[in-house]
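**Student:**
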Amino acid sequence: MSSKANSLAASRSVRWIMIGIGVLAIVGLSVYLLQRAAGDTLNSLNEAKKGRTTKAVVKAKEYVRFDEKNHSYIGEFGKPMEAKPGTEQWRIYYQIDNFDQVPEPKRSELLRSEEARIKQFGFRFYPFSTPEKAFYDKTQVGDQLEILYRYMGDEKEIINVRNLTHPDG
Amino acid sequence: MTTCLRAGGHAGFNYTFLTLKERDIETGLDFFEARYYASTQGRFTSIDPYNIVMERQFATDAKRAESQFTVYLSNPQRWARYTYALNNPLLYTDPHGEDVTIYYRPPVEGAGISQDQGHMLIYVRNDETGESAYYDYIATGDYNNPGTTRLNGVNQGRIDAHASITIETTASQEQAILDGIKGAQQSSPDYSVSTSQALLTHTESTCTSNAIKLLALGGINVGTGAMPQSPTAVWLSAFAQFGNREANSIITSTAAPSGVVSPRFPGNRNVTVQGYDTRPQVDPGREYGHDPRGQARVLDGNATNNYTIDFRGGKRVQ
Chain A
1 MSSKANSLAA
11 SRSVRWIMIG
21 IGVLAIVGLS
31 VYLLQRAAGD
41 TLNSLNEAKK
51 GRTTKAVVKA
61 KEYVRFDEKN
71 HSYIGEFGKP
81 MEAKPGTEQW
91 RIYYQIDNFD
101 QVPEPKRSEL
111 LRSEEARIKQ
121 FGFRFYPFST
131 PEKAFYDKTQ
141 VGDQLEILYR
151 YMGDEKEIIN
161 VRNLTHPDG
Chain B
1001 MTTCLRAGGH
1011 AGFNYTFLTL
1021 KERDIETGLD
1031 FFEARYYAST
1041 QGRFTSIDPY
1051 NIVMERQFAT
1061 DAKRAESQFT
1071 VYLSNPQRWA
1081 RYTYALNNPL
1091 LYTDPHGEDV
1101 TIYYRPPVEG
1111 AGISQDQGHM
1121 LIYVRNDETG
1131 ESAYYDYIAT
1141 GDYNNPGTTR
1151 LNGVNQGRID
1161 AHASITIETT
1171 ASQEQAILDG
1181 IKGAQQSSPD
1191 YSVSTSQALL
1201 THTESTCTSN
1211 AIKLLALGGI
1221 NVGTGAMPQS
1231 PTAVWLSAFA
1241 QFGNREANSI
1251 ITSTAAPSGV
1261 VSPRFPGNRN
1271 VTVQGYDTRP
1281 QVDPGREYGH
1291 DPRGQARVLD
1301 GNATNNYTID
1311 FRGGKRVQ
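Protein sequences appear in the order of chains A and B.
The first sequence begins at 1 in the numbering used here and counts up one residue at a time.
The second sequence begins at 1001 in the numbering used here and counts up one residue at a time.
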């Protein structure tokens, strides 16, 4: 009787040890998977966060003055943007040459989305304001621009524009 | 006792209008987030929780900490930790309305958290000296050459692409942030986010974390405490403290019906306004703070050192 009770107690202890090991293994695996998922997300974010430089060609120039009736325009993400009535924009329209700074398959995706954007909204433009009018004045159609951009999904954020043909502009 | 004249402004504004802080009706104290202010005594009821010595001791950027420490020591009024506005609220009520502006772009729709968390940059102008500066921190590189950081020269397109909150500040606050930006223009930490930095050590270096540190130099605390601090979290913190609810009537209701179409772009955008009070809809190109002179939406062509500066390993390479 006592030997049976001892054996039962021993088997219970073994069972609890096994359950404990199982729980630890599940917790450990979960922590590992969560950490890996967080790491992958951060790596992806870090990759997308990087500003990259590419080249573009100036296609057109346009002066726009906003008033009470006309005070919104399509912004860089294809969404309407508000402009203050009475303000002015000196726009430089341009076409980006390539996205060679980004590895495949993202590079092709960015190219495709850029072509679709041009079909829908026309060439991208960068709006300059009164203090930057000198840049607009010196920039000519056909000039080569350096574009600092980054991508998010298929969208691109244009961070800065520099005129390589007329660098003083 | 509770009203005062604002230099160059209108008579009869309640004091809380000046500070934008909520007043506890029972105690008469103004809530300044970290502590209460007794306007009848012209003093805070507890000491300033900001501790320059601790800040210096635990700073990850020794140079910046040193510069911050020097600014602190240079004005003995800062040493008295019960005072408000360096004991000179009339001088520091910002008569020109030229202040600190936080620019924010929300995450791009559909990009997902692993591709975009939005962006923020800041602008500051010192009323007394006329000096002003932008701070737009960008990681740069490509998959062959990953490693530089850039302080971006801001132009109008950049401003248009962001929403803004302008915060009323004093000349001394503005100068402290300006000094911080000038320090960052000499040495700027590499962009850096890892799992451990973001979740455990809170030492990441991003547009947001660096902007938070700079704003804190001027006593503007928009950090949310828990890292990682996304641009959106910081924007919401700034909006809760400094947002102009009166001017943005669309945001005033806490229990607005859901599924309401935006009156600004009918037909273009369906906006759910439920919960606007804590998670305001953000439209690029729009000002959400107090910006009487309209500084936020127009490029300041005279901003100090507003040109592109590259860094590698924290040192200027240009």
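The beta carbon of each residue, even a glycine, is placed where N, CA and C say it ideally should be.
Everything numeric in this text was worked out from a predicted model, so none of it was measured.
Give a yes or no on whether the C-beta atoms belonging to glycine 1223 of chain B and isoleucine 1212 of chain B are separated by under 7 Å.
**Tutor:** Yes, they are a contact pair.
**Student:** For threonine 54 of chain A, report the span of its beta strand (DSSP E) as first-last.
**Tutor:** Here the beta strand (DSSP E) through threonine 54 of chain A covers 52-65.
**Student:** With a threshold of 8 Å on Cβ separation, who are the neighbours of leucine 164 of chain A within its own chain once the five nearest residues in sequence on each side are excluded?
**Tutor:** Only Lys55, Asp143, Gln144, Leu145 and Glu146 meet the Cβ criterion.
**Student:** Helix, strand or coil: how does DSSP classify asparagine 160 of chain A here?
**Tutor:** Asparagine 160 of chain A: strand per DSSP, three-state reduction.
**Student:** Tell me the residue span of the alpha helix (DSSP H) that contains serine 1209 of chain B.
**Tutor:** Its alpha helix (DSSP H) spans residues 1207-1217.
**Student:** Is the beta carbon of phenylalanine 123 of chain A closer than 7 Å to that of lysine 59 of chain A?
**Tutor:** Yes, Cβ-Cβ distance for lysine 59 of chain A and phenylalanine 123 of chain A is below 7 Å.
**Student:** What does a CB cutoff of less than 6 Å around serine 1164 of chain B pick up in its chain, not counting 5 residues either side in sequence?
**Tutor:** Closer than 6 Å at the Cβ level, and outside the excluded window around serine 1164 of chain B, lie Thr1101, Tyr1103, Glu1287 and Ala1296.
**Student:** Using the C-alpha atoms, what's the distance from isoleucine 158 of chain A back to glycine 86 of chain A?
**Tutor:** Going by the C-alpha atoms only, they are around 25 Å apart.
**Student:** Helix, strand or coil: which one does DSSP assign to glycine 1313 of chain B?
**Tutor:** It is coil, neither helix nor strand.
**Student:** For phenylalanine 128 of chain A, list the residues DSSP reports as bridge partners.
**Tutor:** Answer by DSSP bridge pairing, in chain order: A/Trp90.
**Student:** How should leucine 1121 of chain B be labelled, buried or exposed, when 16 other C-beta atoms within 10 angstroms of its C-beta is the threshold for buried?
**Tutor:** Looking at its Cβ environment, which holds 16 or more other Cβ atoms inside 10 Å, leucine 1121 of chain B is buried.
**Student:** Provide the residue span of the alpha helix (DSSP H) that contains tyrosine 136 of chain A, from first to last.
**Tutor:** Unbroken alpha helix (DSSP H) run through tyrosine 136 of chain A: 133-138.
**Student:** Using a Cβ-Cβ cutoff of 9 Å, what residues of the region 41-65 of chain A are near chain B? List them in chain order.
**Tutor:** Residues passing the 9 Å Cβ filter: Thr41, Leu42, Asn43, Ser44, Leu45, Asn46, Glu47, Ala48, Lys49, Lys50, Gly51, Arg52 and Thr53.
**Student:** Within a Cβ cutoff of 8 Å, which residues of the same chain sit near alanine 83 of chain A, ignoring the five residues on either side of it in sequence?
**Tutor:** The answer, listed in chain order, is Phe66, His71, Ser72, Tyr73 and Gln89.
**Student:** Measure the beta-carbon distance from serine 1205 of chain B to serine 1192 of chain B and round it to whole angstroms, keeping in mind my assumption that it falls under 8 Å.
**Tutor:** With a Cβ gap of about 5 Å, serine 1205 of chain B and serine 1192 of chain B count as contacting.
**Student:** Across which residues does DSSP place histidine 1119 of chain B in a beta bridge pair?
**Tutor:** Histidine 1119 of chain B is bridged to B/Arg1105.
**Student:** So is glutamate 1109 of chain B buried or exposed if we call it buried at 16+ other beta carbons inside 10 Å?
**Tutor:** Answer is exposed; the Cβ neighbour count stays below 16.
**Student:** Check whether chain B comes within 7 Å of glutamate 146 of chain A, counting only Cβ atoms and requiring the distance to be less than that.
**Tutor:** Taking Cβ atoms only, chain B never reaches closer than 7 Å to glutamate 146 of chain A, which makes this a no.
**Student:** What would DSSP say about glycine 171 of chain A, mapped onto helix, strand or coil?
**Tutor:** The shown model of chain A, from 1 to 169, leaves out residue 171 of chain A, and the question about it has no answer.
**Student:** Suppose the cutoff is 8 Å on Cβ atoms and the five residues either side in sequence are ignored; what does the same chain contact list for aspartate 97 of chain A look like?
**Tutor:** Around aspartate 97 of chain A: Thr54, Lys55, Ala56 and Val57.
**Student:** Between aspartate 1383 of chain B and valine 1154 of chain B, is the Cβ-Cβ spacing less than 7 Å?
**Tutor:** As displayed, chain B neither begins before 1001 nor continues past 1318, which places residue 1383 of chain B out of reach and without an answer.
**Student:** Can you find a heavy atom of the ligand HEM that lies under 6 Å from the Cβ of aspartate 1190 of chain B?
**Tutor:** Ligands displayed in this structure: none; no statement on the ligand HEM is therefore possible.
**Student:** Under a CB-based cut-off of 7 Å, is glycine 78 of chain A close to chain B?
**Tutor:** So, not an interface residue.
**Student:** Using the Cα positions of alanine 1240 of chain B and alanine 1161 of chain B, report the straight-line distance between them to the nearest angstrom.
**Tutor:** The alpha-carbon atoms of alanine 1240 of chain B and alanine 1161 of chain B are separated by roughly 22 Å.
**Student:** Round the Cβ separation of threonine 1208 of chain B and proline 1231 of chain B to the nearest angstrom and send it over; I've been treating them as touching at under 8 Å.
**Tutor:** With 8 Å as the limit, threonine 1208 of chain B and proline 1231 of chain B qualify as a contact, their Cβ atoms being about 5 Å apart.
**Student:** Tell me whether threonine 1129 of chain B is buried or exposed, calling it buried when 16 or more other Cβ atoms sit within 10 Å of its Cβ.
**Tutor:** Looking at its Cβ environment, which holds fewer than 16 other Cβ atoms inside 10 Å, threonine 1129 of chain B is exposed.
**Student:** Is tyrosine 1134 of chain B near alanine 1238 of chain B, with beta carbons less than 7 Å apart?
**Tutor:** In this structure, alanine 1238 of chain B does not lie closer than 7 Å to tyrosine 1134 of chain B by Cβ.
**Student:** Please classify leucine 34 of chain A: does DSSP put it in a helix, a strand, or coil?
**Tutor:** Helix, per DSSP.
**Student:** Could one say the Cβ of arginine 1125 of chain B lies closer than 7 Å to chain A's Cβ atoms, at least one of them?
**Tutor:** With 7 Å as the cut-off, arginine 1125 of chain B does not count as an interface residue toward chain A.
**Student:** Just curious, the beta strand (DSSP E) that proline 103 of chain A is in, first and last residue?
**Tutor:** Proline 103 of chain A -> no beta strand (DSSP E), and no H or E assigned at all.
**Student:** Please list the residues of the region 1288-1310 of chain B that have a C-beta atom closer than 9 Å to any C-beta atom in chain A, keeping them in chain order.
**Tutor:** Listed by position along the chain: Gly1294, Arg1297, Val1298, Leu1299, Asp1300, Gly1301, Asn1302 and Thr1308.
**Student:** Taking a contact to mean a Cβ-Cβ separation below 7 Å, would you say glutamine 1185 of chain B touches isoleucine 1309 of chain B in this structure?
**Tutor:** The answer is yes: Cβ separation under 7 Å.
**Student:** Residues in the region 1164-1187 of chain B with C-beta within 9 Å of chain A's C-beta atoms, listed in sequence order?
**Tutor:** Per Cβ criterion, the list is empty.
**Student:** Chain A beta carbons: is any one of them nearer than 7 Å to that of valine 1108 of chain B?
**Tutor:** Output row for valine 1108 of chain B: interface = yes.
**Student:** The region 126-137 of chain A: which residues have C-beta closer than 7 Å to a C-beta of chain B, in chain order?
**Tutor:** Answer in chain order: Tyr126, Pro127, Phe128, Ser129, Pro131 and Glu132.
**Student:** Report back the beta-carbon spacing between glutamate 115 of chain A and leucine 1299 of chain B to the nearest angstrom; my notes put them in contact at under 8 Å.
**Tutor:** About 31 Å separates the two Cβ atoms, so there is no contact after all.
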